[in-house]
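Here the structure is laid out as structure tokens; the discussion comes afterwards.
Residue numbers (mature numbering (1 follows the signal peptide of the UniProt record, and there is no 0)): -18 to -1, 1 to 357.
Take a look at the structure:
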């Protein structure tokens, strides 16, 4: 049964139930019968019917795509850009194909960080045991020894990983606009040490066996704040989320459990060592995240957010939340804000560093010796 037929069935049932709402006992009996019919529909089997297997290539060559000399993803044979609707009337299958390509793009960017940017992969936590879940970041050779300046690049939330700003831009536009590579190269040219974080790689997924005991909330490695938010989710909301997950991923047969990677917070170190922070269309909320007064004050003095706006680049933009100054990124497209504000952000960094150097006393020979010993 095609997907369009399934949608039509749901629409018809919805219409019939709406027509039966105002009536008497007979209508109520029909409504009950319809509800009973719906409850007996096997949603998983219905959606799997006539849907091709979710099996996709694991290389760019397998997808018959490659990046050209301009960093644009193009079909090897036709030279055309990526086509999302590869199969008509199979949106979910096309989405899964897109996601499979996205995983390959992530690995490709990792390779570029090491080969083109000469960064090294470092596994975290540094003191992890052999069986402990681990993540990794990328660092320049001088990241831990550069005493002058260090740039730390942090991507946004979602599916992106280290080195990426937006997967959509990488696939549909080019590597320059969608990755952090231009930032990394310019930072290294200007004498920065560089660290590229992988802040969405916070857990690993392992298959859950039937006999596996569920971990108690107190024993979980999941951050307490996130665990508390999950516990507050109403049951109805969870049901709707489960229903959507079945619709989005009907062929998923294995249940998995998330095992979180150890994380720490160092507010004092951050405030003492970080000179300036540039945000690009950040969706943070200092009130929702319960940031203390000292953090809010530090952000107002040391941060600037380039937001999506129709105003010209660097034009001041008003905000209802007094967390940090906001200026226009010169684009209304969220995913392009990091690329469009590229030059403005480096200027912002340079001015902040110059201002800091003007007020910082010249280090003595003794202070230099202490700094070296600390390193």
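Using N, Cα and C, we set each Cβ at its ideal position, and we do this for glycine too.
query: Taking the Cβ atom as the reference point for each residue, do residue 243 and residue 185 lie within a distance shorter than 9 Å?
result: The residue labelled residue 243 in the question sits at position 261 within the chain shown. The residue labelled residue 185 in the question sits at position 203 within the chain shown. Yes, they are a contact pair.
- prompt: Quick one: what's got a C-beta closer than 6 Å to residue 133's C-beta in the same chain, skipping five residues either side?
  reply: Along the chain shown, read from residue 1 onward, the residue named residue 133 stands at position 151. Same-chain partners within the cutoff: 169, 174, 176.
- request: May I have the straight-line CA-CA distance separating residue 340 from residue 333, to the nearest angstrom?
  value: Walking along the chain shown from the start, residue 340 turns up at place 358. Walking along the chain shown from the start, residue 333 turns up at place 351. About 11 Å.
- prompt: Quick one: any contact between the segment 107 to 119 and the segment 145 to 161, if contact means 3 or more CB pairs under 8 Å?
  reply: no
field: Closest Cα partner of residue 309 within the set 326, 89, 56, 157
entry: Translated into the one-based positions of the chain shown, residue 309 becomes position 327. The shortest C-alpha separation from residue 309 is found at 326.
Cβ contact (3+ pairs, closer than 8 Å) linking the segment 53 to 64 and the segment 96 to 108: no
message: Which residues does DSSP list as the beta-bridge partners of residue 189?
response: Here residue 189 is taken as the residue at index 207 of the chain shown, counted from 1. Answer is 238, bridged to residue 189.
- prompt: DSSP on residue 119, reduced to helix/strand/coil?
  reply: As a position in the chain shown, residue 119 is number 137, starting the count at 1. Of the three classes helix, strand and coil, the one that applies to residue 119 here is strand, per DSSP.
message: Please classify residue 262 as buried or exposed, where buried requires at least 16 other C-beta atoms within 10 Å of its C-beta.
response: In the chain shown, counting from the first residue as 1, residue 262 sits at position 280. Result: buried.
query: If you draw a straight line from the C-alpha of residue -13 to the C-alpha of residue 77, how long is it?
result: Residue -13 sits at position 6 when you count from the first residue of the chain shown. Residue 77 sits at position 95 when you count from the first residue of the chain shown. Per-residue confidence for residue -13 stands at a pLDDT of 32, beneath the threshold of 50, marking its modelled position as unreliable; no derived number is given.
- request: Can you tell me which of the three DSSP states residue 102 falls into?
  value: Residue numbering aside, residue 102 sits at position 120 when the chain shown is read from its first letter. Reduced to three states, the DSSP call for residue 102 is strand.
message: Once DSSP output is grouped into helix, strand and coil, what is the label at residue 254?
response: In the chain shown, the residue the question calls residue 254 occupies position 272. It is helical.
task: Return the CA-CA distance between residue 336 and residue 131, expressed in angstroms with no decimal places.
output: Counted from its first residue, the chain shown places residue 336 at position 354. Counted from its first residue, the chain shown places residue 131 at position 149. In a straight line, the C-alpha of residue 336 is about 12 Å away from that of residue 131.
query: DSSP puts residue 48 in a beta bridge; with which residues?
result: Working through the chain shown from its first residue, we reach residue 48 at position 66. Partner(s): 56.
query: At which residues does the beta strand (DSSP E) containing residue 75 begin and terminate?
result: As a first step, residue 75 must be located in the chain shown, where it is residue number 93. No beta strand (DSSP E) contains residue 75, which is instead part of the alpha helix (DSSP H) from 73 to 97.
message: So if DSSP puts residue 177 in a beta bridge, which residue, or which two residues, is it bridged to?
response: Here the question's residue 177 lines up with position 195 in the chain shown. For residue 177, which the question treats as bridged, DSSP gives the partners 121, 134.
field: Between the CA atoms of residue 127 and residue 121 - distance to the nearest angstrom
entry: As a first step, residue 121 is located in the chain shown; it is residue number 139 there, counting from the start. As a first step, residue 127 is located in the chain shown; it is residue number 145 there, counting from the start. About 11 Å.
message: What residue range does the alpha helix (DSSP H) around residue 334 cover?
response: What you label residue 334 is simply residue 352 of the chain shown in a count that begins at 1. Unbroken alpha helix (DSSP H) run through residue 334: 324 to 341.
- prompt: Roughly how many whole angstroms lie between the Cα atoms of residue 179 and residue 101?
  reply: The count along the chain shown starts at 1 and reaches residue 179 at position 197. The count along the chain shown starts at 1 and reaches residue 101 at position 119. Cα-Cα distance, rounded: 12 Å.
field: As assigned by DSSP and simplified to three states, the class of residue 308
entry: Translated into the one-based positions of the chain shown, residue 308 becomes position 326. Residue state, collapsed to three classes: strand.
query: If you follow the beta strand (DSSP E) that residue 182 is part of, which residue opens it and which one closes it?
result: Taking the first residue of the chain shown as 1, we reach residue 182 at position 200. Unbroken run through residue 182: none, as it is neither H nor E.
field: Collapsed DSSP secondary structure at residue 15 in the structure displayed
entry: Within the chain shown, the letter at position 33 stands for residue 15. Of the three classes helix, strand and coil, the one that applies to residue 15 here is helix, per DSSP.
- prompt: residue 298 to residue 239, Cα distance in whole Å?
  reply: The count along the chain shown starts at 1 and reaches residue 298 at position 316. The count along the chain shown starts at 1 and reaches residue 239 at position 257. Approximately 45 Å, taken between the alpha carbons.
task: Write down the C-beta distance between residue 46 and residue 72 rounded to the nearest angstrom, noting that I regard them as a contact closer than 8 Å.
output: Start at 1 with the first residue of the chain shown, and residue 46 comes out as number 64. Start at 1 with the first residue of the chain shown, and residue 72 comes out as number 90. Residue 46 to residue 72, Cβ: 19 Å. No contact.
Whole-angstrom C-beta distance between residue 330 and residue 260, which should lie under 8 Å: Reading the chain shown from its first residue, position 278 is the one you call residue 260. Reading the chain shown from its first residue, position 348 is the one you call residue 330. Correct: roughly 6 Å between the Cβ atoms.
task: In angstroms with no decimal places, state the Cα-to-Cα distance between residue 265 and residue 250.
output: For this step, residue 265 is matched to residue 283 along the chain shown. For this step, residue 250 is matched to residue 268 along the chain shown. Rounded to whole angstroms, residue 265 to residue 250 spans 23 Å at the Cα level.
- request: Work out the CA separation of residue 135 and residue 162 for me, nearest whole Å.
  value: Counting from one through the chain shown, the residue named residue 162 turns up at place 180. Counting from one through the chain shown, the residue named residue 135 turns up at place 153. Rounded to whole angstroms, residue 162 to residue 135 spans 8 Å at the Cα level.
query: CB-CB under 7 Å to residue 84, same chain, minus the five flanking residues each way: which ones, in chain order?
result: Counting from 1 along the chain shown, the entry for residue 84 is found at position 102. Counting only Cβ-Cβ distances below 7 Å, and skipping sequence neighbours, we find 141, 149.
- request: Pull up the distance between the alpha-carbon of residue 157 and that of residue 54, whole angstroms please.
  value: On the chain shown, position 175 is the one that residue 157 refers to. On the chain shown, position 72 is the one that residue 54 refers to. C-alpha separation (whole angstroms): 7 Å.
message: Just list the residues that DSSP pairs residue 141 with in beta bridges.
response: The residue labelled residue 141 in the question sits at position 159 within the chain shown. BP columns for residue 141 are empty, so no partner.
- prompt: residue 319 bridges to which residues according to DSSP?
  reply: Indexing the chain shown from 1 puts residue 319 at position 337. Beta-bridge pairing links residue 319 to no other residue.
query: Do residue 82 and residue 35 have their C-beta atoms within less than 9 Å of each other?
result: Here residue 82 is taken as the residue at index 100 of the chain shown, counted from 1. Here residue 35 is taken as the residue at index 53 of the chain shown, counted from 1. No.
- request: Alpha carbon to alpha carbon, how far is residue 44 from residue -18? Give it in angstroms, no decimals.
  value: The count along the chain shown starts at 1 and reaches residue -18 at position 1. The count along the chain shown starts at 1 and reaches residue 44 at position 62. Legend: pLDDT at residue -18 = 38, less than 50; position of this residue unreliable, value from coordinates given subsequently. Taking the straight line from one Cα to the other gives about 29 Å.
- request: Name the residue from 188, 277, 123 whose alpha carbon lies nearest to the alpha carbon of residue 166.
  value: Residue numbering aside, residue 166 sits at position 184 when the chain shown is read from its first letter. Of the candidates 188, 277, 123, the one whose C-alpha sits nearest the C-alpha of residue 166 is 123.
- request: On the DSSP bridge assignment, give the partners of residue 298 in chain order.
  value: Translated into positions along the chain shown, residue 298 becomes position 316. Answer by DSSP bridge pairing, in chain order: 309.
field: For residue 267, the first and last residue of its enclosing beta strand (DSSP E)
entry: Taking the first residue of the chain shown as position 1, residue 267 is located at position 285. First-last for residue 267: undefined, no H or E at that position.
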